[in-house]
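Working notes, structure below.
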């Protein structure tokens with residue numbers, strides 16, 4: 002459920018905010034200064050040298066100021082909710098209730114929405130029921146009738162298939178197709194401006210600065226969220242935009258994958274270095290004891306994760322000097338099919354030099370010290386010891 006407030010910053014009650022800050026233990030002098038800042042603000046309209054009468058305003062926060070969204074966050078900080086199946090997500094005036102409904106029991110979800118609506122009325126916040134939307138993601142395999150609409154202040158909330166939240170388009174399929182469509186559309190319009198600037202003779206660093214600040218900021222918006230999970234088709238569409246921009250600039254540009262990986266690493270580094278971040282403990286717990294890598298968190302159902310992940314290791318060789326491939330297994334989700342057929346040169350003594358043939362490859366099951374399993378190409382003796390460096394990847 003995505004909530005929309007009517008004139009959110011204009012409805013802040015300074016005296017009520019002052020009381021909340023006092024209860025939170027904020028310094029008395031600071032709260033008094035904030036109260037003075039928000040009350041008795043003179044306002045007037047000036048048109049072609051003529052001024053209207055002055056009006057003193059003691060409600061809301063000045064629009065366009067850095068302090069306004071921060072004060073609204075403090076104003077709404079006294080209402081929070083977080084359980085394993087339901088929680089309230091807030092970012093300034095963008096609020097959303099996320100609920101997990103199991104076996105059709107939505108009482109907690111609907112109760113939280115009603116409590117939040119009642120709290121808003123008590124704090125003089127007006128919910129715009131017409132712009133408030135609900136997005137339903139149904140994981141059930143069989144089709145069911147849609148849930149009954151949620152009512153807020155006597156108005157039924159519309160259910161939508163896609164919603165733009167904090168600049169990112171989310172849909173009921175939990176894929177990034179709608180978001181990619183929006184990014185491609187915006188990127189094409191920004192590329193038109195880039196071409197126009199080049200036609201006016203703008204070149205070099207100035208044109209690149211325009212690309213970084215206007216074009217790339219639109220194409221790569223929220224890339225940390227979607228870079229690793231978009232489809233190959235959407236990735237090719239995004240890469241085409243980057244290549245077209247590269248042709249206009251006359252210099253190579255990083256692909257979507259490279260930019261996404263770089264920003265993801267930067268984000269993870271900042272989270273790990275920020276000891277006060279809420280995700281600090283979660284990320285620290287995922288650290289590998291063998292390397293500086295982060296382990297993938299375990300999920301109850303991992304339908305989209307591969308049960309077998311193959312990786313080449315340039316430094317891994319069998320006893321005959323033949324490069325080998327390690328295959329890591331997850332005991333929770335592993336499903337072994339047919340052992341793959343492969344083409345290889347027979348390393349055994351007596352085989353004709355350069356002979357290539359198809360054979361059924363046999364693997365030895367090996368275990369790492371951290372409990373991970375991997376397959377090592379079988380030979381006359383055990384190869385687990387010679388290929389144990391693969392455990393450093395897990």
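Residue numbers (the numbering used here): 2 to 395. For every residue, glycine included, the Cβ atom is placed at its ideal position computed from N, Cα and C. Everything numeric in this text was worked out from a predicted model, so none of it was measured.
**Q.** Residue burial classification, residue 151 (beta-carbon count within 10 angstroms, cutoff 16)
**A.** That one is buried.
request  = Determine the contact status of residue 222 and residue 246, defining contact as a CB-CB distance below 8 Å.
outcome  = Between residue 222 and residue 246, the C-beta spacing is not below 8 Å.
**Study point:** Residues that DSSP places opposite residue 48 in a beta bridge
**Key:** BP columns for residue 48 point to 51.
What would DSSP say about residue 100, mapped onto helix, strand or coil? DSSP places residue 100 in strand when its eight states are reduced to three.
Q.
Need the endpoints of the alpha helix (DSSP H) that residue 184 sits in, please.
A. Unbroken alpha helix (DSSP H) run through residue 184: 178 to 200.
Alpha-carbon to alpha-carbon, residue 382 and residue 91: Roughly 60 Å between the two C-alpha positions.
Self-check item: Bounding residues of the beta strand (DSSP E) (the contiguous stretch that carries residue 172)
Solution: Start and end: 169 to 172.
- Whole-angstrom distance between residue 48 and residue 107, CA atom to CA atom: Distance between the alpha carbons of residue 107 and residue 48: 54 Å.
Quiz prompt | Rounded separation between residue 198 and residue 248 - CA only | solution = Per the coordinates, the alpha-carbon of residue 198 lies some 14 Å from the alpha-carbon of residue 248.
Does residue 2 pass the burial test, meaning 16 or more other C-beta atoms within 10 Å, or should it be called exposed? The C-beta of residue 2 has 16 or more other C-beta atoms within 10 Å across all chains shown, which makes the residue buried.
Q) Going by other Cβ atoms of all chains shown within 10 Å of its Cβ, with 16 needed for buried, is residue 1 buried or exposed? A) Because the chain here runs from 2 to 395, residue 1 falls outside it and cannot be looked at.
| message | Please tell me whether residue 11 and residue 65 are closer than 8 Å, where the distance is taken between their beta carbons. | response | 8 Å or more divides the Cβ of residue 11 from the Cβ of residue 65.
Boundaries of the beta strand (DSSP E) in which residue 88 is found, first to last residue
Counting along the chain, the beta strand (DSSP E) containing residue 88 begins and ends at 87 to 92.
| said: Taking only three categories from DSSP, how would you classify residue 133? | reply: Reduced to three states, the DSSP call for residue 133 is coil.
| For residue 365, which of helix, strand or coil comes out of DSSP? | For residue 365, the secondary structure class from DSSP, reduced to helix, strand or coil, is strand.
Classify residue 375 as helix, strand or coil using the three-state DSSP reduction. Strand.
* Asked: Which value, in whole angstroms, describes the spacing of the CA atoms of residue 166 and residue 95?
  -> The alpha-carbon separation between residue 166 and residue 95 amounts to approximately 8 Å.
Return helix, strand or coil for residue 71, following the three-state DSSP convention. In the structure shown, residue 71 sits in a helix (DSSP, three-state: H, G or I).
*asked:* When you compare the segment 262 to 271 with the segment 225 to 237, are there three or more beta-carbon pairs, one atom per stretch, that lie closer than 8 Å?
replied: Output reads yes: the segment 225 to 237 touches the segment 262 to 271.
field: Beta-ladder partner(s) of residue 147, from DSSP
entry: Residue 147 pairs with nothing; no bridge assigned.
Report task. Compute the Euclidean distance between the alpha carbons of residue 86 and residue 101, then round it to the nearest angstrom. Result -> Approximately 5 Å, taken between the alpha carbons.
| query | What residue range is occupied by the uninterrupted alpha helix (DSSP H) comprising residue 57? | reply | Residue 57 -> not in any alpha helix (DSSP H); beta strand (DSSP E) instead, spanning 56 to 58.
query = In three-state terms, what does DSSP make of residue 162?
reply = DSSP places residue 162 outside both helix and strand once states are collapsed to three, so it counts as coil.
Point to revise | C-alpha gap between residue 346 and residue 367, whole angstroms | key: Low confidence applies to residue 346: its pLDDT is 47, below 50, so where it sits in the model is not reliable, and the reading given next is rough at best. The alpha-carbon atoms of residue 346 and residue 367 are separated by roughly 24 Å.
Discussion item. Just verifying my parser: in three-state terms, what is the DSSP assignment at residue 114?
Written reply: The three-state secondary structure of residue 114, taken from DSSP, is helix.
Self-check item: DSSP beta-bridge partners of residue 106
Solution: BP columns for residue 106 point to 103.
Skipping 5 residues on each side, what residues in its chain have a beta carbon closer than 6 Å to that of residue 113?
The beta carbon of residue 113 is closer than 6 Å to those of 82, 87 and 98 in its chain, skipping five residues each way along the sequence.
query = Quick one: what does DSSP say residue 128 is sitting in, helix, strand or coil?
reply = Three-state DSSP puts residue 128 in a strand.
- In DSSP terms, what residue 153 is bridged to: In DSSP, residue 153 forms a bridge with 156.
- Message: Run through the DSSP bridge pairs and tell me what residue 221 is partnered with.
- Response: Residue 221 pairs with nothing; no bridge assigned.
* Asked: Which class does residue 39 belong to by DSSP, given the choice of helix, strand or coil?
  -> Correct three-state label for residue 39: helix.
Point to revise | Three-way DSSP call (helix, strand, coil) for residue 283 in this model | key: Residue state, collapsed to three classes: helix.
Does residue 12 come out as helix, strand or coil in the three-state DSSP assignment? Residue 12 sits in a helix when the DSSP states are folded into three classes.
Quiz prompt | CA-to-CA distance, residue 25 to residue 74, given in whole angstroms | solution = Between residue 74 and residue 25, the C-alpha separation is close to 13 Å.
Are at least three pairs of beta-carbons, each pair with one atom in the segment 165 to 181 and one in the segment 133 to 146, less than 8 Å apart?
Contact annotation: the segment 165 to 181 touches the segment 133 to 146, with at least three C-beta pairs closer than 8 Å.
Find the nearest neighbour of residue 297 within the set 373, 146, 122 and 278, judged by alpha-carbon distance.
Per the Cα distances, 373.
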